[in-house]
Structure formats: structure tokens, C-alpha cells
Amino acid sequence: NSALSLRPRAARGTGVLCIKAFRFRIVMMQVARVIRVEAEPSIGIVKCAPRPGSVIHRRVGISHTTNPRVELMAARAQQNGNIIQPTGAGSFLPAYTPYSSAPAQANQSFKASGKTVVITGGSQGIGRATALLFAKKGFNVVVAARDVSKLEYVAHDCAQIAGRAGASLAVQCDVTSERDVRNLANTVYAKFESVDVVVSSAGIISRGRLLDTPFAEAKRLMDVNYIGAYLLAQSFLPQMAKESQRRRGLDRPSIIMINSFAGKVPLKHMSAFTASKYALAGFTEAIRTEAEPLGVHIGQVYPGLVKSNFMERAEFFGSNKEEERRAFRQQIRSLPFSQTPAEVADCVFDASRTKQHNVVVGLPFMAADAAFRFTGANISALPFL
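Offset between the sequence shown (1-based) and my numbering: plus 419.
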């Protein structure tokens, strides 16, 4: 009974305090409809448990176990199917998870509205930066990659940026597996009404002379860098073409391929990687002739040297591979015209918004591309490459 004590400091403030006390009482009456409160004086705490048939909505990104701020809404049982079952006094609901698991979301009949982007390779580097940028722009974000633990962190960040539940979805996917990519498309369309942008960002890199690079590595590069994009476009294009019938101009859906500077200019000691990126470039140009008449924009972004773990994770082959690895990483860190994943993400978003076809990131690389096309001069002849 002595939990709340109102003691006015002056007589003139008594009326205001009475009004506040009256409002506080009304609020607590509403809360009491939702939460059962029990005091335990022996340990000096108050325990709360939801009443049967009530709905508690937590704010996105706030864990109940670490920060017990909640939004309370009195509601009766079976509203939207979100029913809190009776629990013992003093028990807490598990922490809210702001990202979504694919199987759980696929079983829901409700489909989220709004613009949606799907990004492979979304667990790190350019893919992660692109996911965060699209979330900031108000998109629903679907990130896919093999490492589900990293994906969940990215989806969590996207949900926090978007500020609403259901704004992100993490799907474990190996882009070299046809089954995984088909499952990705089915999962996305089970959750979201439509897909506005698909970004193929999954990729790997290696460096080594032709005579030192094993065939298995060349095949691995081709599978991830080219076949992955092939399967992604093949899985999403049919439905995106249907959606484009009611959308024209800059509102058309887009498929964006993250290529590489090596897809424009062949690089010395990177023949297998260059071949996979040239294959991706040719494939993208070819499907543009098929997809554009259907109303689907096909774009391609060519980053230069990017300061990210993509370069740090590069495989090296040859007798002095460890020495070359250290030298290569040092060169990337010291070059003044290297790029960040966020800068590449800006170009990806602009390409999807303005429907650009080919974007080379950075003036130095644009100049090198032009020099190679018009004069045949190859930047890989420079000492640092």
C-alpha cells in the first residue's frame, strides 16, 4: 500500500499532482488487465507474468532479459493468432528476436508489404553494407549466405535500422546449390508480397599463376562467382517479370550483379578469378536482352580494390604464397584509391534506383577501364599488381 507516495511541496501544486495521480491510477488499471504483479518482500523485487489471453509487443531490438522496456497492449485471446499462454508467477517471456528464421516465416499466411531486396553474400563485406543501406532506405531486407550465425547479426541490425518487426529475414543458402537457391526464392515469396531488387553479392577471390592454380580452385571460382548468379537470376526472374507488368519506368524491379574490376580488365596472376568475372559480365549482358523486354532491369556494378575481408580471405597459390599474401594485403591497406564496402553499396542502390546498366566504382578504375578499351593498356602491368 505504500508503494506510491505523493507528497506535494507546495499547496499550489496539489491539484496538478492529484490529476497526475489519477492518470497514473488509470494507466496501472490498464496494465493490471495485461500483467499479473506479485511482490516478494523477502528479496525486494517485483515479479511480473502476463495474464492469459493478453498480447505483449516488445520493441524491435530490445531484449527482455537485458532491458525490460516493453510496449503493452490490452487484447483478448486469438487476436491475430498471437496468444500468450498462462505462465507461472515471476516467469518472463524469452527475448524478442528481431530477425526471422526461414521455416517459421514460410508457414505464416501474412505477407509483409513494402519494397523488398534480396541479397546473397549478405553476411559480410559489400553484401552486409548493401543490406544495411537498403534497410535505412525503408526496404524489407532478405540476406542469404552460408554462415547463418553472421547472417542473424546482419538481419538483427537491419531490423533495428528499419525500426519494425518483420523487416528482415535471414536465409541460409549456398549459391552453388540449385536446391538452396530455389528454396531461397520460395521462402522469400512466402513471406513478402513482391521482390523489388535482387543483388548477387556472393563471391570469392584467389591469386596465383596459371601453372600454380589447381583446376579445383578454378572450378570453385566459377561455381560461386558465375553459377551462383546464374541460379539466382533464373530463380527470381519469372516472378519479377510477372510483377513488372503493373510497374513501369524507374519503378521496375531490378537484378544487380556485383562483379569486379577484373570483369573489365584482365589481371595478371589472377587468370581463374578473371575468367569467372568475365563469365559473369557476359552472362549479365546476355540476360539483359531477355529480361529488359519483360520489364526487369539488369544492372552490374564493378568495384575496384575494396578494403574488406573479401580481399583478406583471398586464396594464394605458388611457392611463395605466404609472402605474396602479406604483400598483397599490405598493398590493399596502403593504396589511396581503395574503396570501402559502404561506397560500393551506394553505387548498388543508385543503380537500382536510376536503372543504370554498368557502373564502375571509382574514377581511377573508370580511367583504367577506358584505357584498356581504347588503347589495350593493362593496369596489371603496374608494379603493385
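Ideal Cβ placement from N, Cα and C applies to all residues, glycine included.
Check, Outcome
"Beta carbon of THR535 nearer than 8 Å to that of ALA563", "no"
"DSSP-derived helix/strand/coil call for HIS575", "helix"
"Where the alpha helix (DSSP H) containing ASN602 begins and where it ends", "597-610"
"Contact check, LEU651 vs VAL600, beta carbons under 8 Å", "yes"
"Same chain only: Cβ atoms within 6 Å of VAL707, ignoring 5 sequence neighbours per side", "First, the amino acid is wrong: residue 707 is Arg here, not Val. Taken in chain order, the residues that qualify are ILE717."
"Nearest to LEU669 (by Cα), restricted to the options LEU551, HIS776 and PHE702", "HIS776"
"Proximity below 8 Å, CB of ILE677 to CB of ILE798", "no"
"Any 3 or more C-beta pairs closer than 8 Å across the stretch 613-627 and the stretch 569-576", "no"
"Runs of alpha helix (DSSP H) lying entirely within the stretch 737-804, each at least 4 residues, in chain order", "740-753, 760-773 and 782-794"
"The alpha helix (DSSP H) enclosing THR708, as first and last residue numbers", "690-710"
"Residue closest to ASP631, alpha-carbon to alpha-carbon, out of HIS688, SER673, GLU709 and GLU762", "HIS688"
"THR693 vs ALA705 beta-carbon contact at 8 Å", "no"
"Cα-Cα separation between PHE702 and GLN653, rounded to whole angstroms", "12 Å"
"Distance, VAL607 Cα to ARG674 Cα", "According to the sequence provided, residue 674 is Ile. The question's Arg does not apply to it. Each residue's Cα considered, the two are about 15 Å apart."
"Local Cβ density within 10 Å of PHE634, reported as buried at 16 or more and exposed below that", "exposed"
"With 16 other Cβ atoms within 10 Å as the buried cut-off, status of ASN559", "buried"
"Straight-line gap, PHE735 to ARG665 (C-alpha atoms, nearest Å)", "48 Å"
"ALA548: first and last residue of the uninterrupted alpha helix (DSSP H) it sits in", "544-555"
"Residues bridged to GLY627 [DSSP beta-bridge criterion]", "MET689"
"Those residues which DSSP pairs with ALA564 across a bridge", "GLN591"
"Cα-Cα separation, THR759 to ARG598", "33 Å"
"First through last residue of the alpha helix (DSSP H) which encompasses TYR649", "647-662"
"Beta-carbon proximity list for SER738, same chain, < 8 Å, skipping 5 on both sides", "ASP631"
"Own chain residues within Cβ distance below 6 Å of PHE784, not counting five before or after", "PHE680 and GLY723"
"Span separating the alpha-carbon of ARG565 from that of VAL618", "16 Å"
"Rounded separation between ALA796 and ALA691 - CA only", "20 Å"
"For MET676: DSSP bridge partner residues", "SER619 and GLN719"
"Where VAL536 falls: helix, strand or coil (DSSP)", "strand"
"Range covered by the alpha helix (DSSP H) that runs through LEU640", "634-641"
"Whole-number beta carbon distance between ALA770 and VAL778, since they are thought to touch under 8 Å", "5 Å"
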